[in-house]
Each structure stands twice: as structure tokens, then as C-alpha cells.
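Trainee: For the sequence shown, numbering that gives the first Met the number 0 gives the first residue as 0, with consecutive numbering after it.
Before I ask anything, here is the structure I am working with.
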Amino acid sequence: MPGVRAELAVHGPSGCPVARLATESDAPVTAVNWTRLDGEFTEEFRVDGDVAANGDGALAEAEQVVEVGEEQVYQYTRAATGDCACETIESLGVPVADVRVEPEGVLVVTLHLDDVERLREVVSELDGTAERVEVRYLLRESADGDGEGHGDQALIDRGRLTERQREVLRTAYRMGYFEHPRDANATEVADRLEIDTSTFTEHLAAAQAKLLDDLLVV
Numbered sequence: 000m001p002g003v004r005a006e007l008a009v010h011g012p013s014g015c016p017v018a019r020l021a022t023e024s025d026a027p028v029t030a031v032n033w034t035r036l037d038g039e040f041t042e043e044f045r046v047d048g049d050v051a052a053n054g055d056g057a058l059a060e061a062e063q064v065v066e067v068g069e070e071q072v073y074q075y076t077r078a079a080t081g082d083c084a085c086e087t088i089e090s091l092g093v094p095v096a097d098v099r100v101e102p103e104g105v106l107v108v109t110l111h112l113d114d115v116e117r118l119r120e121v122v123s124e125l126d127g128t129a130e131r132v133e134v135r136y137l138l139r140e141s142a143d144g145d146g147e148g149h150g151d152q153a154l155i156d157r158g159r160l161t162e163r164q165r166e167v168l169r170t171a172y173r174m175g176y177f178e179h180p181r182d183a184n185a186t187e188v189a190d191r192l193e194i195d196t197s198t199f200t201e202h203l204a205a206a207q208a209k210l211l212d213d214l215l216v217v
């Protein structure tokens with residue numbers, strides 16, 4: 000069926016014990032999943048055996064569940080407060096394909112969504128629980144007229160953008176520069192970024208060209 004798959008990177012997620020664990024141990028946390036029951040939120044996750052052997056810091060607060068090969072499965076159980084990125088994703092009821100945490104404490108979530116508008120809603124909700132949220136890639140699928148699903152996918156590689164280009168795109172988007180009619184013009188966005196209008200349009204054009212290269216490959 001038509002839809003999109005997106006990978007989101009949630010930087011600086013507040014109140015997230017698995018992110019704190021990854022940062023403290025300087026090691027990835029994988030296979031993160033969660034459940035909510037009777038006001039409690041339980042997160043299950045895997046860590047490398049070396050991290051498990053250390054067993055202090057954030058891991059000391061977790062309960063060991065089972066050993067799987069060279070990895071250990073743990074879980075956190077805590078009161079559901081609603082201020083954690085994981086809880087926010089769970090509350091939105093979107094299908095989750097994968098969740099992991101990078102050593103720097105970045106929560107990486109792969110989601111299946113109905114459309115890009117739903118993705119915008121998810122990002123907007125997550126913005127309130129983290130320092131920033133980025134879309135690392137977006138795959139779009141469509142179905143042809145006979146109802147048979149066929150992949151029509153495009154990989155959006157945000158790694159091609161400079162940090163400044165990302166900031167320009169993010170600010171322009173949030174201010175409504177891409178809306179019709181526009182909520183903000185180029186001068187207003189440039190003022191917010193504290194750059195002149197010509198610099199804004201230069202960065203914007205360069206960023207859009209890189210993204211269109213990915214979308215319009217022939």
C-alpha cells in the first residue's frame with residue numbers, strides 16, 4: 000500500500016534512560032522496544048556483553064532479562080510521564096520498524112507512515128522532547144492504478160547537506176516559507192538566521208539541488 004518509511008534521529012532526548020546508557024557506556028543500544036501498562040512504561044533493549052559486565056551507571060537501574068549470544072537483554076520499568084521521546088512515539092500509535100541508540104546518545108527510530116503529513120506531525124511532537132530531530136532518510140512507495148504495490152523509492156541522503164544548509168532548510172520550513180501562500184518571506188527567514196537574503200537564497204538553492212538530485216535520479 001502507498002506510504003513512506005522514514006528514519007528519524009532524535010538528538011538529546013530528555014528523560015530517556017537508554018540514551019543515557021549509550022552515552023555513559025559509549026556503546027550502541029539495540030533492539031529497543033516498549034510497552035505501556037497500568038501507568039507504567041517498560042523499555043526492553045540489548046547491550047554488548049562488555050557493557051553488561053561493567054553493570055554500573057544507568058545499567059544498574061535496569062533489570063536483566065536474558066542472555067542472547069554475546070548480548071544481554073535488559074529492561075527499564077518506570078512510571079509513564081509522557082516526557083520521553085519513546086513514550087511520545089508509543090502514544091502516537093505509528094508502526095515502528097526499528098529503534099536503536101547510537102553511542103552519542105542519539106535515538107534512531109525507523110517508522111512506517113501513511114504519508115509525509117503524518118511524518119511532519121511525528122517530528123513536531125518529538126521536537127518537544129529533544130534538542131532537535133532530523134529526518135535521515137525518507138523512502139516513498141506508491142501503488143499503480145491496478146492496485147498492485149510497486150516500489151517507487153527514493154533515498155534522501157541528508158548527509159550530503161552541510162550543517163548550515165540543514166539549519167536554513169529547517170528554519171525556512173518551520174517559519175512556513177514553503178507554504179502556499181507563504182507564512183514568511185526570504186527576508187524574514189534570513190533575519191531569523193541572522194544572515195542577508197542573498198546568503199539565505201544561496202544556501203537554500205544549494206540544499207534543494209542536492210535533495211532534488213536524490214529525488215529525480217533518471
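Glycine is no exception: its CB is placed at the ideal position from the N, C-alpha and C atoms.
My understanding is that V3 touches R139, with C-beta atoms under 8 Å, so please give their C-beta distance in whole angstroms.
Mentor: The pair is a contact, with the Cβ atoms about 5 Å apart (cut-off 8 Å).
Trainee: Curious, which full-length beta strand (DSSP E) runs of at least 3 residues does the stretch 168–210 contain?
Mentor: Fully enclosed beta strand (DSSP E) runs of 3 or longer: not present.
Trainee: In this structure, what does DSSP give as the bridge partners for D97?
Mentor: Answer is T109.
Trainee: For H179, count neighbouring Cβ atoms within 10 angstroms of its own Cβ and tell me buried if that reaches 16, exposed if not.
Mentor: Result: exposed.
Trainee: Output needed for E6: all residues of its chain with C-beta closer than 6 Å, excluding positions within five of it in sequence on either side, in chain order.
Mentor: Closer than 6 Å at Cβ, skipping near neighbours: T109, R135, Y136.
Trainee: If you pair each beta-carbon of the stretch 68–76 with each one of the stretch 99–108, do three or more pairs fall below 8 Å?
Mentor: Because the criterion of three Cβ pairs below 8 Å is not met, the stretch 68–76 and the stretch 99–108 do not touch.
Trainee: So, using beta-carbon positions, are L112 and V93 closer together than 7 Å?
Mentor: Their beta carbons are under 7 Å apart, which means L112 touches V93 by this criterion.
Trainee: How many angstroms separate the CA atom of V100 from the CA atom of N32?
Mentor: Going from the Cα of V100 to the Cα of N32 covers about 12 Å.
Trainee: Helix or strand or just coil, what does DSSP make of G14?
Mentor: In the structure shown, G14 sits in coil (DSSP, three-state: anything other than H, G, I, E or B).
Trainee: Within 10 Å of its beta-carbon, does A59 have 16 or more other beta-carbons around it, so buried, or fewer, so exposed?
Mentor: Exposed, since its Cβ has fewer than 16 Cβ neighbours within 10 Å.
Trainee: Quick check on the burial criterion: 16 or more other C-beta atoms within 10 angstroms. Buried or exposed for L87?
Mentor: Checking the sequence, you will find Thr at residue 87 rather than Leu. Looking at its Cβ environment, which holds 16 or more other Cβ atoms inside 10 Å, T87 is buried.
Trainee: Apart from the five residues just before and just after V132, which ones in its own chain have a Cβ nearer than 8 Å to its Cβ?
Mentor: L7, A8, V9, H10, V122, L125, D126.
Trainee: List in chain order: all unbroken alpha helix (DSSP H) runs of 4+ residues lying wholly within the stretch 17–74.
Mentor: DSSP runs (the alpha helix (DSSP H)) wholly in the stretch 17–74: 48–53.
Trainee: Look at the alpha carbon of T200 and the alpha carbon of T34, and state the distance between them as a whole number of angstroms.
Mentor: Distance between the alpha carbons of T200 and T34 is about 45 Å.
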